[in-house]
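Chains as they are written, first to last, in the numbering used here: chain V, 202 to 470; chain U, 202 to 470; chain L, 202 to 470. Beta carbons: idealized from backbone N, C-alpha and C, even for Gly.
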Amino acid sequence: MKLKFKNLSDDLQKVRDTAPLVHNITNYVVMNNTANALLSIGASPVMAHAAEEVAEMVTLASALVINIGTLSKEWISGMAIAMAAAHEKGIPIIFDPVGAGATEFRTRTCLSLLERAAPAVIRGNASEVMALAGDCVQTKGVDSSAAASDAESAALALAKKYDCVVCVSGAIDLITDGRQTMRVRNGHALMPKVTGLGCTATALIGAFCAVNKDILVATSHAMMVMGICGELAAAQATGPGSFQVHLIDAFYNLNAEQVEAHWLDPEAK
Amino acid sequence: MKLKFKNLSDDLQKVRDTAPLVHNITNYVVMNNTANALLSIGASPVMAHAAEEVAEMVTLASALVINIGTLSKEWISGMAIAMAAAHEKGIPIIFDPVGAGATEFRTRTCLSLLERAAPAVIRGNASEVMALAGDCVQTKGVDSSAAASDAESAALALAKKYDCVVCVSGAIDLITDGRQTMRVRNGHALMPKVTGLGCTATALIGAFCAVNKDILVATSHAMMVMGICGELAAAQATGPGSFQVHLIDAFYNLNAEQVEAHWLDPEAK
Amino acid sequence: MKLKFKNLSDDLQKVRDTAPLVHNITNYVVMNNTANALLSIGASPVMAHAAEEVAEMVTLASALVINIGTLSKEWISGMAIAMAAAHEKGIPIIFDPVGAGATEFRTRTCLSLLERAAPAVIRGNASEVMALAGDCVQTKGVDSSAAASDAESAALALAKKYDCVVCVSGAIDLITDGRQTMRVRNGHALMPKVTGLGCTATALIGAFCAVNKDILVATSHAMMVMGICGELAAAQATGPGSFQVHLIDAFYNLNAEQVEAHWLDPEAK
Numbered sequence: 202m203k204l205k206f207k208n209l210s211d212d213l214q215k216v217r218d219t220a221p222l223v224h225n226i227t228n229y230v231v232m233n234n235t236a237n238a239l240l241s242i243g244a245s246p247v248m249a250h251a252a253e254e255v256a257e258m259v260t261l262a263s264a265l266v267i268n269i270g271t272l273s274k275e276w277i278s279g280m281a282i283a284m285a286a287a288h289e290k291g292i293p294i295i296f297d298p299v300g301a302g303a304t305e306f307r308t309r310t311c312l313s314l315l316e317r318a319a320p321a322v323i324r325g326n327a328s329e330v331m332a333l334a335g336d337c338v339q340t341k342g343v344d345s346s347a348a349a350s351d352a353e354s355a356a357l358a359l360a361k362k363y364d365c366v367v368c369v370s371g372a373i374d375l376i377t378d379g380r381q382t383m384r385v386r387n388g389h390a391l392m393p394k395v396t397g398l399g400c401t402a403t404a405l406i407g408a409f410c411a412v413n414k415d416i417l418v419a420t421s422h423a424m425m426v427m428g429i430c431g432e433l434a435a436a437q438a439t440g441p442g443s444f445q446v447h448l449i450d451a452f453y454n455l456n457a458e459q460v461e462a463h464w465l466d467p468e469a470k
Numbered sequence: 202m203k204l205k206f207k208n209l210s211d212d213l214q215k216v217r218d219t220a221p222l223v224h225n226i227t228n229y230v231v232m233n234n235t236a237n238a239l240l241s242i243g244a245s246p247v248m249a250h251a252a253e254e255v256a257e258m259v260t261l262a263s264a265l266v267i268n269i270g271t272l273s274k275e276w277i278s279g280m281a282i283a284m285a286a287a288h289e290k291g292i293p294i295i296f297d298p299v300g301a302g303a304t305e306f307r308t309r310t311c312l313s314l315l316e317r318a319a320p321a322v323i324r325g326n327a328s329e330v331m332a333l334a335g336d337c338v339q340t341k342g343v344d345s346s347a348a349a350s351d352a353e354s355a356a357l358a359l360a361k362k363y364d365c366v367v368c369v370s371g372a373i374d375l376i377t378d379g380r381q382t383m384r385v386r387n388g389h390a391l392m393p394k395v396t397g398l399g400c401t402a403t404a405l406i407g408a409f410c411a412v413n414k415d416i417l418v419a420t421s422h423a424m425m426v427m428g429i430c431g432e433l434a435a436a437q438a439t440g441p442g443s444f445q446v447h448l449i450d451a452f453y454n455l456n457a458e459q460v461e462a463h464w465l466d467p468e469a470k
Numbered sequence: 202m203k204l205k206f207k208n209l210s211d212d213l214q215k216v217r218d219t220a221p222l223v224h225n226i227t228n229y230v231v232m233n234n235t236a237n238a239l240l241s242i243g244a245s246p247v248m249a250h251a252a253e254e255v256a257e258m259v260t261l262a263s264a265l266v267i268n269i270g271t272l273s274k275e276w277i278s279g280m281a282i283a284m285a286a287a288h289e290k291g292i293p294i295i296f297d298p299v300g301a302g303a304t305e306f307r308t309r310t311c312l313s314l315l316e317r318a319a320p321a322v323i324r325g326n327a328s329e330v331m332a333l334a335g336d337c338v339q340t341k342g343v344d345s346s347a348a349a350s351d352a353e354s355a356a357l358a359l360a361k362k363y364d365c366v367v368c369v370s371g372a373i374d375l376i377t378d379g380r381q382t383m384r385v386r387n388g389h390a391l392m393p394k395v396t397g398l399g400c401t402a403t404a405l406i407g408a409f410c411a412v413n414k415d416i417l418v419a420t421s422h423a424m425m426v427m428g429i430c431g432e433l434a435a436a437q438a439t440g441p442g443s444f445q446v447h448l449i450d451a452f453y454n455l456n457a458e459q460v461e462a463h464w465l466d467p468e469a470k
């Protein structure tokens, strides 16, 4: 498979034309940034976690983003109900196992949620993906202690187990459906210095999966948008604070010319 | 009634001189922005939601802002207790029914809270106001699927039902007490591209109601401040990320000259 | 005792070289800013509050930050468990009693938590520190109604009671272990106009206590970094919105030359 910048630009235009509703059950740290990233790229975010309403809310949505970054018992039932409702309606679920491997509670909760409803995409860092695959690895809080390439076999195993796309983000993002594997090389060294950009990536994958049923391609497009906008933001930034501001602006202003100019062919094998 | 920019500037000065405490029970997405908007305009924000303390906290405050944006069962009792305490003490309640109409849980919770203690102001988008008035409308997550003008009869009905001011924000904001209706035309197209600026407006209404007992005027002043500062921010911004930053700066720096220069007479009828 | 800018720069370098994990149980308003401040200074933040995982998470960490800014019953047990685990492992606890004195619930919760596990550092504003020491003072929401110097005897009393360092932030920060008292004069008038910079200070104290076992010195270094970066940010800012952005950039870019150029000898007695 070969990605083409024309297709990415077309998907971006579809997001802007249709403003798909992306339902997020995510962590406290990133809610504001996630919502702003989705709005800026052209999607329509909603944050709702109560067990009483998530099934109703998710049926309005075109994608469901589940992110366990500030997990607590009270939120798990809302996540489980939303995932079941999304699964039943065929709404793609994007799952972000923040901090899996750091504590038994996180790893166990992820595995339990994934049993209930298979996601379209799992996006995590290398440590998180390895933890879900059962590899012995210690996540340092929510930061990875391994490179994305270290998690390749774990990613392949997870992709096969859940019949989903697995995206391991890192300096080079690895995206696989268990058969084909893409490597996205766009991005910038400032990105891990801003909290929650992995969570932003997960949310953008939701927006792109809402407009493109080829989940491997949609995920790759979202990760390229992250990387390209990261490069655009870094060119303006003087540190992680201004980077975050410019990144949101970059999502909003991203056009086909910028996509073409920053295009680095994702290696595929 | 005719608004005058001199009166708006006087109210702004009162906010800065007295730094009224505005007690917020609001959603996770906007807490940081809301607090910063209140601080920048000159008020003093506090966020507290626990049933154990809200009655005590609200008696220190000059306004209570209730916003159901990330509603859960656990928060409803805190909201109800705070509203009852505010009502008893004569502290104005500003109510933001985020996402009413999107789910039955939100609509029902709003109506139940409003039954317990009438607010001074309800501020929502057109879909939310129509949902509260019992109109058949589907809110798309938390974004309106209708223009403010579509909600005029719903706003009038709500204003009469709760004997309060209703503010429907949109490209043209509609503000009514059921007898007089103001239309505020200030603002900028980037504003709906930043998450939670409606919530920011609700919080600013709290600050202005804290210093002006004429709730229709105070609400109109707050919405004009939002609109004028939005115009000032847009003149500096290159997208929604930088817009949010400049908006906070604009609140902080807003002066009488800027108010006069950006004044668009609100139509009243 | 005399602080030296060389030692501060060395501690800063140690933070960057070792990226200590700082475990935060903090409030919703500041989570994003706190995480970004820690990342920018070179530390590695994690936010986790669930009773099910905090004991496991804190054992991975080099410091524990407890901040009661948006307190609720459900969070108290997580705080208590984390503090007990940190205490047992000798991990320094930095305690931020946000809004103590504003409500009985906050004051009582703080005192109860402090009974269970003595912190390395308590950092609050003057009202909060006075409230914990049992002085009759009314905190206005979360803002101080007193100057740091008013809280000196309260700070000394608390430092002796819990055998810890107490940091009272204000225009001049007062830092005492009950024997020696430092006064940090760096900072800028815009800082109280940005929400949660006290919370940011608390988190940075965590990062510096993670690399320097002399808690009085580590706390003073963190407060000087806050003050110096505040001055650097203010030189670029046009209001509180841009100040916050530049502050994060300043943390990231801070170097020995800037520390030396902005150095104001903390008075010690």
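Cβ pair residue i, residue j closer than 8 Å
| i | j | result |
| --- | --- | --- |
| I416(U) | C368(U) | no |
| C400(L) | N268(L) | yes |
| N228(U) | V299(U) | yes |
| V255(U) | G279(U) | yes |
| M284(V) | I277(V) | no |
| F306(U) | L272(U) | yes |
| M248(L) | N234(L) | no |
| V338(V) | A347(V) | yes |
Three-way DSSP call (helix, strand, coil) for residue i in this model
| i | result |
| --- | --- |
| S345(V) | coil |
| R384(V) | strand |
| I292(V) | coil |
| E432(U) | helix |
| D351(U) | helix |
| D218(L) | helix |
| D211(L) | helix |
| V366(L) | strand |
| V231(U) | coil |
| T377(V) | strand |
| V418(U) | helix |
| E468(U) | strand |
N-terminal and C-terminal residue of the alpha helix (DSSP H) that residue i is part of
| i | result |
| --- | --- |
| S263(L) | Segment: none, S263(L) is in no alpha helix (DSSP H) and carries neither H nor E. |
| L312(U) | 305 to 317 |
| V460(L) | 457 to 463 |
| G399(U) | 398 to 410 |
Boundaries of the beta strand (DSSP E) in which residue i is found, first to last residue
| i | result |
| --- | --- |
| M202(L) | Segment: none, M202(L) is in no beta strand (DSSP E) and carries neither H nor E. |
| P441(L) | Per DSSP, P441(L) belongs to no beta strand (DSSP E); it is in the alpha helix (DSSP H), 441 to 454. |
| I323(U) | 322 to 325 |
Chain U residues whose Cβ lies nearer than 7 Å to that of residue i
| i | result |
| --- | --- |
| E305(L) | E257 |
| A236(V) | V230, T396 |
| H447(V) | G442 |
Spatial neighbours of residue i in its chain, beta-carbon cut-off 6 Å, leaving aside the 5 residues before and after
| i | result |
| --- | --- |
| A423(V) | L405, I406, F409 |
| A411(U) | P221, S263, A264 |
| S245(V) | A220, L222 |
| L465(L) | R386, N387 |
| A286(U) | A256, V259 |
| Q437(U) | H447 |
| I376(L) | C368, M383, T420, S421 |
Chain-ordered chain L contacts of residue i [CB-CB under 7 Å]
| i | result |
| --- | --- |
| S273(V) | H250, A251 |
| L222(U) | K341, G342 |
Beta-carbon neighbours of residue i, restricted to chain L and to distances below 8 Å
| i | result |
| --- | --- |
| S278(V) | Those do not exist, as S278(V) stays about 14 Å from chain L at its closest Cβ, beyond 8 Å. |
| S241(U) | K394, G440, P441, G442 |
Proximal chain L residues relative to residue i, where beta-carbon distance stays under 9 Å
| i | result |
| --- | --- |
| D450(U) | A438, T439, G440, P441, G442, S443, F444 |
Under 7 Å from the C-beta of residue i: neighbouring residues of chain V
| i | result |
| --- | --- |
| E254(L) | T304, F306, R307 |
Contact set between residue i and chain V, taken where Cβ atoms lie within less than 8 Å
| i | result |
| --- | --- |
| L261(L) | A303, Q339, K341, G342 |
| N233(U) | N233 |
| Y453(L) | K394, G440, P441, G442 |
Partner residues on chain U for residue i, Cβ-Cβ distance less than 9 Å
| i | result |
| --- | --- |
| V247(V) | G300, A303, K341, G342, V343, D344 |
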